[in-house]
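Chains Z and W, in that order, give the protein sequences.
Going by numbering that gives the first Met the number 0, the first sequence opens with residue 0, and the numbers climb by one from there.
Going by numbering that gives the first Met the number 0, the second sequence opens with residue 0, and the numbers climb by one from there.
Where a beta carbon is used, it is the ideal one built from N, C-alpha and C, also for glycine.
Just so we're clear, the structure is a prediction, and the values are computed from it rather than from any experiment.
This report concerns only the one structure given below.
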Amino acid sequence: MFRTKENWHLVIFVAVVLIVPAVASHLAPIKAHFDAKPISYFRAKKPQVVILSDSMVDNGVDPELLGKLLGGRRVELLWYGGAASASWYFRLKNYIVASGVHPELVCILFRDRVLTDPRFRTEGTYRSKLEAAMHENEPIYRLVLGQRPAGEGDLHRWVDILYPLNARRHAQHEKIEQTSMRLVANAGVAVPELRRWINDTFALTNLGGAAAEEAVAISKERQTEFDPDPRRSFLPHIVAAAAEARIPLCFLRVKRHPNADGFAQQDEQLRRYVANLRNWIESQGCYFIDDTDNPARRQDMYLQPGDDHMGPWAKERSTELYADKLRPLLSP
Amino acid sequence: MTFHSLSYLVFLPVVLALYWALPRRGQNVLLVGASYVFYGWQHPWFLLPLWGSTLVDYSCALGIERFPARRRLFLVGSIVVSVALLGTFKYAGFVLENVNVLLTHLGGDPLRVLFQLVLPAGLSFYTFQSIGYVVDVYVGRVRAERNLLDYALYVSFFPQLVAGPIERAGHMLPQYHTGRIFDPVGWRGGLGLMLWGFFKKVVIADNTAPIVNKVFALAHPSFPVIWAGVLAFAVQIYSDFSGYTDIARGTARLLGIELMRNFNHPYIATSPADFWRRWHISLSSWLRDFIYIPLGGNRGGPARASFHLIATFAISGLWHGASWNYVLWGLYWGFLILVQRFLRWLGVTQWFPWLAKVVITFGVTCVGWLLFRERNLNKILNDFAQLTVATSADQWWVGAYLATLVIVYTSPLLIHLAATSDFARQRLAITWPSLGLIGEAGVAALLLFGIVFARSVTTSDFIYFQF
Numbered sequence: 000m001f002r003t004k005e006n007w008h009l010v011i012f013v014a015v016v017l018i019v020p021a022v023a024s025h026l027a028p029i030k031a032h033f034d035a036k037p038i039s040y041f042r043a044k045k046p047q048v049v050i051l052s053d054s055m056v057d058n059g060v061d062p063e064l065l066g067k068l069l070g071g072r073r074v075e076l077l078w079y080g081g082a083a084s085a086s087w088y089f090r091l092k093n094y095i096v097a098s099g100v101h102p103e104l105v106c107i108l109f110r111d112r113v114l115t116d117p118r119f120r121t122e123g124t125y126r127s128k129l130e131a132a133m134h135e136n137e138p139i140y141r142l143v144l145g146q147r148p149a150g151e152g153d154l155h156r157w158v159d160i161l162y163p164l165n166a167r168r169h170a171q172h173e174k175i176e177q178t179s180m181r182l183v184a185n186a187g188v189a190v191p192e193l194r195r196w197i198n199d200t201f202a203l204t205n206l207g208g209a210a211a212e213e214a215v216a217i218s219k220e221r222q223t224e225f226d227p228d229p230r231r232s233f234l235p236h237i238v239a240a241a242a243e244a245r246i247p248l249c250f251l252r253v254k255r256h257p258n259a260d261g262f263a264q265q266d267e268q269l270r271r272y273v274a275n276l277r278n279w280i281e282s283q284g285c286y287f288i289d290d291t292d293n294p295a296r297r298q299d300m301y302l303q304p305g306d307d308h309m310g311p312w313a314k315e316r317s318t319e320l321y322a323d324k325l326r327p328l329l330s331p
Numbered sequence: 000m001t002f003h004s005l006s007y008l009v010f011l012p013v014v015l016a017l018y019w020a021l022p023r024r025g026q027n028v029l030l031v032g033a034s035y036v037f038y039g040w041q042h043p044w045f046l047l048p049l050w051g052s053t054l055v056d057y058s059c060a061l062g063i064e065r066f067p068a069r070r071r072l073f074l075v076g077s078i079v080v081s082v083a084l085l086g087t088f089k090y091a092g093f094v095l096e097n098v099n100v101l102l103t104h105l106g107g108d109p110l111r112v113l114f115q116l117v118l119p120a121g122l123s124f125y126t127f128q129s130i131g132y133v134v135d136v137y138v139g140r141v142r143a144e145r146n147l148l149d150y151a152l153y154v155s156f157f158p159q160l161v162a163g164p165i166e167r168a169g170h171m172l173p174q175y176h177t178g179r180i181f182d183p184v185g186w187r188g189g190l191g192l193m194l195w196g197f198f199k200k201v202v203i204a205d206n207t208a209p210i211v212n213k214v215f216a217l218a219h220p221s222f223p224v225i226w227a228g229v230l231a232f233a234v235q236i237y238s239d240f241s242g243y244t245d246i247a248r249g250t251a252r253l254l255g256i257e258l259m260r261n262f263n264h265p266y267i268a269t270s271p272a273d274f275w276r277r278w279h280i281s282l283s284s285w286l287r288d289f290i291y292i293p294l295g296g297n298r299g300g301p302a303r304a305s306f307h308l309i310a311t312f313a314i315s316g317l318w319h320g321a322s323w324n325y326v327l328w329g330l331y332w333g334f335l336i337l338v339q340r341f342l343r344w345l346g347v348t349q350w351f352p353w354l355a356k357v358v359i360t361f362g363v364t365c366v367g368w369l370l371f372r373e374r375n376l377n378k379i380l381n382d383f384a385q386l387t388v389a390t391s392a393d394q395w396w397v398g399a400y401l402a403t404l405v406i407v408y409t410s411p412l413l414i415h416l417a418a419t420s421d422f423a424r425q426r427l428a429i430t431w432p433s434l435g436l437i438g439e440a441g442v443a444a445l446l447l448f449g450i451v452f453a454r455s456v457t458t459s460d461f462i463y464f465q466f
C-alpha cells in the first residue's frame, strides 16, 4: 500500500493532523490556576461566621448587620452567582479549612435539591469559578464528577486522553463571550450593566409559552429522591471536610418566591426529599434550618414575580430574619 | 448514526479498511450493508420504508423500459408510492390538524383520529432522489438499473442518505458500475473537507445554536434581539447544512465516490435567483428539472411562468416541513424572484453596485429565515411588528452583544470565503499559493485543533435531519 510517494504523503498528512493538535492540546493548561488569595484574606479577617451561598445572599444578607445582630461577630460571605454544591465543597475545604481559621459556624444557604445535584452549574460559564478553587489533583472531584454519564464509553476517555484541551472548551467559550462583551462595552456601556441586561432579557419570566413549559418540564426531570451516596453527591464530602476540621456546619434552606398567601409552593415529593435531607444532615451532627415555612419572609420582600432573590429594599429585614435563625446556634 | 457521534469515528475506519480490501462487487455489497447499519443504527424500522421505496422504484423503472405501452402507468405508480410515503409519514398529521381546524370553524366536531408518526430521517431526500431516477428513466436520460444491489446503493449510500445532496442517477450509477481506485491525493482532500465540515457543525453551528434557541424562546423579543437571533440562525443553518454536506462529500471521496457540490457561498449571492443557484443546489436543480420545467417553466407568457415559479417554491417550502411557516417561506422566495425579474425587466438592477446587491440579498434572505425558524404564525406577526422606535437602549446593547458574538463565531467562514470564493479570486484579485503537503496538513491540523479547542459544550442533530 505504501509503495508510492503519494501514499507516504498521505501517511505524513494524517500523522500531522492527528499529532500536532494532540501535542498543542497537552501543552495548554487543562484547568484554571488555583486562586490562593481567599486563604490569606481569611487569615487576615479571621471571620467567626462564614456564609457559603449563591446569589441568594446578594440582597438577602448584609454581613455587617448580621455580625452586629449575632453579638458583634465578624461575618464573611463567600459566594458568586450560580455557585452550587461542588463550589461550596471546594471553597470550604481549600479556603476555609486550609486557612486554619476556625469559625464558630459555617452556614450554607441553599435552594431545594441543590445539595445533591453535583453537576448543577459545574460547566459553561460556571466552570472557571469552580476550577479557581480546585487544586490540580482533587480525588473527590474525580469520584463525583469524573465518571462520564452512562452511554459515554471508552472512546470518550481516549479522546480526552489524546486531546485533554477537549475537556476545557468551556473556558474558550467564556473567553469568546467576554471578548464579545468587551468589544460591545468599548462602544460606551459598562460590562456588569450589559451582563445584567442580558440576564434580564433572557430571564425565565420572559420565555414564551412553549419554552417556559419546556423549562418547567426540565426542572421536573431533576426531581429526584434524596441520595447521600458519596459517589453521587458533594454533600457527604462537605460534611466530612467540616467534621475533620471541627467546624460547626449549618445548612439553611432558603425560602423560594412565595405565593400571595405567603407560602412557597412545594409538592409532596419535595417535602419527602427535604425530610430525608434533614434527617441525614442532623444524623451527621450538623444543623438544619428550613426557612421555607417562615411567614415573616413575605412575598413583597422578593425582587420580582417568580424570582427567589430578595429585593434591595428587603435586605435589612431579610438579614434580621436570618439572624433570628442563626443566633440560637452560637454561644451567647 | 450521525456524523458527529463517536460511533461514527469507529464505524468509518472499519468500513474503509474492509472496503479497500474488497473487489468492486464486494465493495458495493459492503457499502449497501454499511449504509443500512448506519441508517438503522438508532431506529431499525426506518429501514422498512427505505427498502419499500427501493424495491418499488427499481421495479417501476424496469417496467418503464420493458413495457413501453404502459410506461406512464409505471411512472405514475412510482410517484404515487413515493408521495404516499411522504404523505403518510410527513404530511398526514398536518392535513388532519388543518381539517380539524376547518371543521371546528364550520361548527362541526373535529375528527378523533390520532396520527402522529415519527418521520424517518432523510425520507424527503431519498424519495426525491428515487422520483428523479424514475423520471430520468421515463424521459430516457438514463437506462433503468438492472442490478438491484447497485440501485439499492444509489438510494442508500450512507454519506448522503440522510441529508443529501439529492444526487442524480446519471452521476452516481456510473460510479457504482466502475472500479474505484485508491487515490491518496483524493484522500487528503476528502479528510480536509470532512474536518472543515465537522468544524462548521460543532464549532460554528452548535455554538450559535444556543443564541438562536434563547432568542426564539422569548415571548416578546425586541427588534434588535430578534434580528440578532435571525442573524445567528442564518449562520447556524448554513454552517450546519453545508457542514453536513462537506462531511458527506469528504467521506464519499475516501470511498472513491464524488458527490455533487451543494453550496457555493450563498451569502454573497447578488439576487434571490442567484441565492438559489448557491444554496442547496441539489434541491433547487431537482425542483427546476422535475417540477418547474414539467409544469411549463418560462413558457406560456409571464402570468403562467409566474404561477409555475410560485407553485415550485410552494412545493419547496412544503418539502422542508409540514407547517404553514415553510409554505409561507417558499411563497416568499417565489415572490422575491418575481420581484427580481420585474426589476431586471425595468433595468433597475444594474444601478446597484455589487456590494449593495449582496447586502440587499442577504437582508431579504434573513427575513426568509425568520419565516423559516419561527413556526408559530402569530409569533411571526409579532416579530415583524417589533418597531425600532419602541425599543429601549438596553435592548440595542443586548442585540449588539448577540450580533458581535455571532460575528466572532462566523470569522472562520469569512476566512474561508476569502480563500475559496470566486469573489476573492475575481474581484479582489487574491491568489493563494498552492499549500503543498505540509501546508494542507497544517490547515487540517488547525481545524482539528479548533474542534478540540472550541467545540460547543452541547451538540444537536443536524437541522436538515428533520426534513
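Cβ closer than 7 Å: which chain Z residues qualify as neighbours of residue i?
i: W:Leu230; result: Going along chain Z, no residue has its Cβ under 7 Å from W:Leu230, so there is no contact; the nearest lies around 13 Å.
i: W:Tyr400; result: Ser179, Met180, Val183, Leu193, Ile197
i: W:Asp393; result: Trp196
Taking only beta-carbon atoms, is residue i less than 7 Å away from chain Z?
i: W:Thr364; result: no
i: W:Arg454; result: yes
i: W:Val397; result: yes
i: W:Val184; result: yes
i: W:Phe361; result: no
i: W:Lys213; result: yes
What's the gap between the Cα of residue i and the Cα of residue j?
i: W:Thr1; j: W:Phe124; result: 16 Å
i: W:Arg24; j: W:Ala151; result: 13 Å
i: W:Ser58; j: W:Ser129; result: 12 Å
i: W:Leu327; j: W:Ile210; result: 24 Å
i: W:Leu217; j: W:Arg374; result: 13 Å
i: W:Ser241; j: W:Met171; result: 20 Å
i: W:Leu354; j: W:Trp332; result: 21 Å
i: Z:Leu68; j: Z:Lys45; result: 18 Å
i: Z:Val96; j: Z:Phe41; result: 10 Å
i: W:Leu404; j: Z:Ala202; result: 19 Å
i: W:Arg343; j: W:Leu337; result: 10 Å
Under 7 Å between C-beta atoms, does residue i make it to chain W?
i: Z:Leu206; result: yes
i: Z:Leu69; result: no
i: Z:His169; result: yes
i: Z:Pro227; result: no
i: Z:Ser24; result: yes
i: Z:Phe12; result: yes
i: Z:Pro148; result: With a pLDDT of 49 at Z:Pro148, under the threshold of 50, the modelled position of this residue cannot be trusted, and the question is left open.
i: Z:Glu220; result: With a pLDDT of only 46 at Z:Glu220, under the threshold of 50, the placement of this residue in the model should not be trusted; the figure read from the coordinates follows. It does not: the Cβ of Z:Glu220 has no partner Cβ on chain W nearer than 7 Å.
i: Z:Phe262; result: no
i: Z:Ile175; result: yes
i: Z:Asp306; result: no
i: Z:Thr121; result: no
i: Z:Phe41; result: no
From what residue to what residue does the alpha helix (DSSP H) around residue i run?
i: Z:Tyr272; result: 267-282
i: Z:Glu243; result: 234-243
i: Z:Ser52; result: That residue, Z:Ser52, is in no alpha helix (DSSP H); its beta strand (DSSP E) goes 48-52.
Show which residues of chain Z have a CB atom less than 8 Å away from the CB atom of residue i.
i: W:Pro223; result: Within 8 Å Cβ-Cβ: nothing; W:Pro223 doesn't reach chain Z, min ~10 Å.
Mind listing the chain Z neighbours of residue i? Cutoff is C-beta to C-beta under 9 Å, in chain order.
i: W:Glu87; result: According to the sequence displayed, residue 87 of chain W carries Thr and not Glu. Correct list: empty, because the minimum Cβ distance to chain Z is about 26 Å.
i: W:Leu282; result: The premise fails here: W:Leu282 is roughly 29 Å from chain Z at the closest Cβ pair, so nothing lies under 9 Å.
Between which two residues does the beta strand (DSSP E) harbouring residue i extend?
i: Z:Trp196; result: Premise fails: Z:Trp196 lies in the alpha helix (DSSP H), 190-200, not in any beta strand (DSSP E).
In chain W, what lies closer than 7 Å to residue i by C-beta?
i: Z:Glu5; result: Pro183, Val184
i: Z:Asn275; result: Here the premise fails: no neighbours, minimum Cβ distance about 32 Å.
Is the stretch 430-450 of chain W touching the stretch 11-18 of chain Z in the sense that three or more CB pairs, one from each, lie closer than 8 Å? By the criterion of at least three beta-carbon pairs nearer than 8 Å, the stretch 11-18 of chain Z is in contact with the stretch 430-450 of chain W.
Sufficient close CB pairs (3 or more, under 8 Å) joining the stretch 37-48 of chain W to the stretch 132-146 of chain W: no
Three or more C-beta pairs closer than 8 Å, one from the stretch 18-25 of chain Z and one from the stretch 443-453 of chain W: is that the case here? Yes, the stretch 18-25 of chain Z touches the stretch 443-453 of chain W.
Cβ contact check for the stretch 108-125 of chain Z and the stretch 2-12 of chain W: 3 or more pairs under 8 Å: no
Looking at C-beta atoms only, is the number of pairs between the stretch 47-60 of chain Z and the stretch 302-319 of chain Z that lie closer than 8 Å three or more? yes
Would you call the stretch 100-110 of chain Z and the stretch 138-146 of chain Z touching, i.e. three or more CB-CB distances under 8 Å? no
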